[in-house]
Amino acid sequence: MTMENESKKKLRIKNESDDEDDKPLSKVKKPPILDDNEDSEDEPLSSKSNKRKGSPATSSSSKKAKKESKIKKETTPTPNGNAKIRKEKSPKLEDNKEAVDEDDEDKDDGEEEDDGTYKWWEEEDEDGSIKWKTLEHKGVLFPPEYETLPSHVKLYYDGKPVDLPPAAEEVAGFFAALIETDHGKNPVFQKNFFNDFLEVLKESGGANVRIEDFEKCDFTKMFAYFELKKEEKKSMTSAEKKAIKAEKDKVEEPYKICLLNGRKEQVGNFRVEPPGLFRGRGAHPKTGKLKKRIGPKDITLNLGKECPVPPLPAGQKWGEIRHDNTVSWLAMWRENVLGGVKYVRFAANSSLKGMSDFKKFEKARQLKDHIEAIRKDYKRLLKDRVMLNRQIATATYLIDVFALRAGGEKSDEEADTVGCCSLRFEHVTLSPPNTVIFDFLGKDSIRFYQEVQVDLQVFKNLKLFKKSPKVPGDDLFDRLDPSILNKFFQKYMPGLTAKVFRTYNASKTMQDQLDLIPNEGTVNEKVLKFNAANRTVAILCNHQRTVSKGHETAVQKINDKIKELIWQKIRCKRMMLMIEPSLKKKKSAFFEEIDDLTKEDQLTIHKLIIERETNKYHSKFKRENDKKKEENEDLLPESVLLDNLKKVDELKKEYEKELKSGKPVLPANMTIEKLEQQIEKFEQRITNTELQLKDKEDNSQVALSTSKINYIDPRLSVMFCKKYDVPIEKVFTKTLREKFLWAIESVDENWRF
DNA sequence: CGGGTGACTTAGCAGAGGGTAC
DNA sequence: GTACCCTCTGCTAAGTCACCCG
Numbered sequence: 001m002t003m004e005n006e007s008k009k010k011l012r013i014k015n016e017s018d019d020e021d022d023k024p025l026s027k028v029k030k031p032p033i034l035d036d037n038e039d040s041e042d043e044p045l046s047s048k049s050n051k052r053k054g055s056p057a058t059s060s061s062s063k064k065a066k067k068e069s070k071i072k073k074e075t076t077p078t079p080n081g082n083a084k085i086r087k088e089k090s091p092k093l094e095d096n097k098e099a100v101d102e103d104d105e106d107k108d109d110g111e112e113e114d115d116g117t118y119k120w121w122e123e124e125d126e127d128g129s130i131k132w133k134t135l136e137h138k139g140v141l142f143p144p145e146y147e148t149l150p151s152h153v154k155l156y157y158d159g160k161p162v163d164l165p166p167a168a169e170e171v172a173g174f175f176a177a178l179i180e181t182d183h184g185k186n187p188v189f190q191k192n193f194f195n196d197f198l199e200v201l202k203e204s205g206g207a208n209v210r211i212e213d214f215e216k217c218d219f220t221k222m223f224a225y226f227e228l229k230k231e232e233k234k235s236m237t238s239a240e241k242k243a244i245k246a247e248k249d250k251v252e253e254p255y256k257i258c259l260l261n262g263r264k265e266q267v268g269n270f271r272v273e274p275p276g277l278f279r280g281r282g283a284h285p286k287t288g289k290l291k292k293r294i295g296p297k298d299i300t301l302n303l304g305k306e307c308p309v310p311p312l313p314a315g316q317k318w319g320e321i322r323h324d325n326t327v328s329w330l331a332m333w334r335e336n337v338l339g340g341v342k343y344v345r346f347a348a349n350s351s352l353k354g355m356s357d358f359k360k361f362e363k364a365r366q367l368k369d370h371i372e373a374i375r376k377d378y379k380r381l382l383k384d385r386v387m388l389n390r391q392i393a394t395a396t397y398l399i400d401v402f403a404l405r406a407g408g409e410k411s412d413e414e415a416d417t418v419g420c421c422s423l424r425f426e427h428v429t430l431s432p433p434n435t436v437i438f439d440f441l442g443k444d445s446i447r448f449y450q451e452v453q454v455d456l457q458v459f460k461n462l463k464l465f466k467k468s469p470k471v472p473g474d475d476l477f478d479r480l481d482p483s484i485l486n487k488f489f490q491k492y493m494p495g496l497t498a499k500v501f502r503t504y505n506a507s508k509t510m511q512d513q514l515d516l517i518p519n520e521g522t523v524n525e526k527v528l529k530f531n532a533a534n535r536t537v538a539i540l541c542n543h544q545r546t547v548s549k550g551h552e553t554a555v556q557k558i559n560d561k562i563k564e565l566i567w568q569k570i571r572c573k574r575m576m577l578m579i580e581p582s583l584k585k586k587k588s589a590f591f592e593e594i595d596d597l598t599k600e601d602q603l604t605i606h607k608l609i610i611e612r613e614t615n616k617y618h619s620k621f622k623r624e625n626d627k628k629k630e631e632n633e634d635l636l637p638e639s640v641l642l643d644n645l646k647k648v649d650e651l652k653k654e655y656e657k658e659l660k661s662g663k664p665v666l667p668a669n670m671t672i673e674k675l676e677q678q679i680e681k682f683e684q685r686i687t688n689t690e691l692q693l694k695d696k697e698d699n700s701q702v703a704l705s706t707s708k709i710n711y712i713d714p715r716l717s718v719m720f721c722k723k724y725d726v727p728i729e730k731v732f733t734k735t736l737r738e739k740f741l742w743a744i745e746s747v748d749e750n751w752r753f
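For the first sequence, UniProt numbering begins at 1 and goes up steadily by one.
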């Protein structure tokens, strides 16, 4: 990995001198065309290539760009009434009001009277940089102290039991719990864990046995102990479980809510992350490293000046107390593995989060008014003679059409994943005339694989960007990074960045898909259609999930079910012919399928049925006898079971005969009409089951939730529900309903994205 | 003026919890 | 009532983007 990165860097440097190639392009005097309908601001675009070539700096672009966007803000016809849903003078709500909270259900009869919940979306919006006036909360909840294992549970080294100091035992335990998982089997994870483990062991005084080789460590006893504990927990009575839950709730309670400007709001992650082993995604070089325990001294609290500082046990102190009302976090600490900052924030249903969510979608909606111009421009710029402009245009195309992420640069301390700007030579394969194969790992090391047709000029450009001397490891967009791209976007619309395209295209796609759904059928059918629309969006955004363990068998089961239904149907048709042989000629199409199932197929189905029946009687017998045993009654004689099994045996014989003759036994009183009805029923069930199967298959690798939570404007879902008479619970879970309350309350069936 | 980093959104997964079939 | 399965929630890693500082 290091090697790769090394070579990447080298190649990049080499690239700079390869300017030769594009000189014909970049030398051209002509200013970037983008500006032709703007006044005359070409600098921001050429800034990076200027830098690369070390040309005399242009008078700082960023300030200008800022100024410019400000000017634009004023001149651009503001996207009108979109910004506010409803306006209201809404009083400041000086305290006392917060006495009412959770019981909003009963309260919302008179919604003009906004007691209960705070309807921020009906308020006048300020500039947004001040997040709060007062903020009061109880701080954070720390994980419990480590409890040492019973003395008989130990790590074994080279066959010998090891006495570990508690600190080291804890770390060993972190690993022991994972030995059966992919992480535990990952050599990088093992190595990183082991290094940190040895360190902790040394610091905590060492063990009775000298430990130096990971391979000689035996964690199985510890693992078994954890498994045992899990079992114990599972087999607790529900009363015990309830008691534990109640205790947990009680401890959590104070932390759950805070006071924001005097109003109650929920806190999100008030729990400090417990120590453990870092579980990086994909091929993360630091995966397995020890994530250290965080104490009060590591925590910075953020709250109002006048608010009481949450107390701590004697002798302990908070790391720092801040009163920063320009940020929306309540507490913060630095984490040791990546050196990043972790925050305690408001919950998703809080007004602050809701507001910024609303703004996000409004911004995306605003893009509607500019997208045409942007597309027109980038199509033109694809042929621009300035290399940078071509790269900007091509990247914009990829972001717009394939919903790629911006793709910022990453260090080699992280997994090697890419987005648009960081795409490399090897991630794109070109096949004339215009087929492109994308194959790379994106965010969370999720594979992006797509074989697509692109605009001819895009194809040519990609070819140009791959031109020798570029080789695998080189950046495709060697002039580009997200900040250049975003500066380009800001020219069209203030606040427009690469990620807005994803939101826009996702919501736009959803709107278009919903428009195609006819208002008919049952609620469940409509929900299925809704999910299908959702799935289109999820696919666009490449939201995946790993196929669940049981998926394969579940699919097999459904397939068996379908086969059996088909068999039943065919059987009915055969019976019809037994009653009325002349039908075969009269309705030949109808009877076409009667020989579709092979003997083997039929036999398999028979076997399945027989097996099922046998099991049924066995378990019935057992169940009834268990009950009798418990009630001290006489047990059923074996003969009861045997009688039932005899019935199964007769059925089996019947099937055997049927298989030979091709003729089922005709039940008494059977008529053509009855059979027709049955066939219809079977056909219905077959269609339903097939739909169910398709849904399952289609969904097995696609995660719908991510787009529903982050990309699809919730007002679309609300609109759908109102328009199609679908209860909102069918598309939003309880948490989502809370998160999207602002959307649920503010739109009707005519709303459009 | 560009690299680092703070603050925020977006992401998949594990485990809890709740519903359903037997 | 139990086993199983699927959905939902909580968790925390991994992105994006703006701003700050040397």
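Heads up, the beta-carbon is just placed ideally off N, CA and C, and yes, glycines get one too.
Span separating the alpha-carbon of residue i from that of residue j
i           : j           : result
residue 711 : residue 530 : 15 Å
residue 618 : residue 648 : 11 Å
residue 207 : residue 164 : 5 Å
residue 579 : residue 653 : 22 Å
residue 135 : residue 245 : 29 Å
residue 382 : residue 481 : 17 Å
residue 470 : residue 432 : 19 Å
residue 231 : residue 153 : 16 Å
residue 171 : residue 444 : 26 Å
residue 612 : residue 569 : 19 Å
residue 393 : residue 730 : 41 Å
residue 696 : residue 210 : 53 Å
residue 795 : residue 365 : Missing from the structure shown is residue 795; the chain here goes from 1 to 753 and no further.
For residue i, the three-state DSSP class (helix, strand or coil)
i           : result
residue 458 : helix
residue 269 : coil
residue 396 : helix
residue 341 : strand
residue 350 : coil
residue 670 : coil
residue 755 : As displayed, the chain neither begins before 1 nor continues past 753, which places residue 755 out of reach and without an answer.
residue 381 : helix
residue 300 : strand
residue 526 : helix
residue 209 : coil
residue 736 : helix
residue 317 : coil
residue 612 : helix
Classification of residue i by the beta-carbon crowding that lies within 10 angstroms, buried from 16 upward
i           : result
residue 479 : buried
residue 316 : exposed
residue 733 : exposed
residue 736 : buried
residue 449 : exposed
residue 372 : exposed
residue 357 : buried
residue 326 : exposed
residue 26  : The predicted position of residue 26 is uncertain, since its pLDDT is 37 and thus under 50; a value taken from the coordinates is nonetheless stated next. Under this definition residue 26 is a buried residue.
residue 190 : buried
Beta bridge counterpart(s) of residue i as assigned by DSSP
i           : result
residue 438 : 428, 450
residue 157 : 160, 217
residue 359 : Beta-bridge pairing links residue 359 to no other residue.
residue 258 : 265
residue 332 : 300, 343
Closer than 7 Å: residue i CB and nearest the ligand ADP heavy atom
i           : result
residue 595 : The ligand ADP is not part of this structure, which contains no ligands at all.
Query raised in the report: Three or more beta-carbon pairs under 8 Å between the region 562-572 and the region 674-684, yes or no?
Result: yes
Query raised in the report: Using 8 Å as the Cβ pair cut-off and three pairs as the minimum, do the region 274-291 and the region 400-416 touch?
Result: yes
Query raised in the report: Is there contact between the region 213-232 and the region 176-184, where contact requires at least three CB pairs shorter than 8 Å?
Result: yes
Report task. Kindly confirm or deny that the region 543-555 and the region 698-717 touch, where touching means at least three C-beta pairs closer than 8 Å. Result -> Touching, per the Cβ criterion.
Query raised in the report: Are there three or more Cβ pairs, one per stretch, closer than 8 Å when the region 299-313 is compared with the region 448-467?
Result: Contact between the region 299-313 and the region 448-467 is absent: fewer than three C-beta pairs spanning the two stretches fall below 8 Å.
Report task. Give a yes or no on contact between the region 596-605 and the region 712-728, applying the rule of three or more CB pairs nearer than 8 Å. Result -> no
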